[in-house]
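These notes concern the structure reproduced below.
Numbering (my numbering), first residue to last: 16 to 98.
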């Protein structure tokens, strides 16, 4: 489970054998905290699921993914192709 980014005690992970649409898993410790869908553009990321983040944390996570969306999409494409 490759960690692509770390921020505030959270890991942003893309699983190599995952499914479309492109998304990133947010992990705190060993627990899945949220899943964020990657967008075709910075402002088109969306929350797929939130399991353990409060509103402030979720907003920060969405901002990190939106700001780094191009990098996350490149990593997704390296592992999964253009899907």
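The beta-carbon is built from N, C-alpha and C at its ideal position, and this holds for glycine as well. Source: prediction; values computed, not measured.
Counted as a single uninterrupted DSSP element, the alpha helix (DSSP H) harbouring residue 84 occupies residues 84 to 95. In the three-state scheme derived from DSSP, where H, G and I count as helix and E and B as strand, residue 73 is classed as helix. Judged by beta-carbon spacing, residue 83 lies beyond the 9 Å limit of residue 30, meaning their Cβ atoms are not closer than that value. Non-local C-beta neighbours of residue 67 in its own chain, meaning closer than 8 Å and more than five positions away in sequence, comprise 43, 46, 47, 48, 49, ordered along the chain. Between residue 73 and residue 62 the beta-carbon gap is near 7 Å, inside 8 Å, which marks them as a contact.
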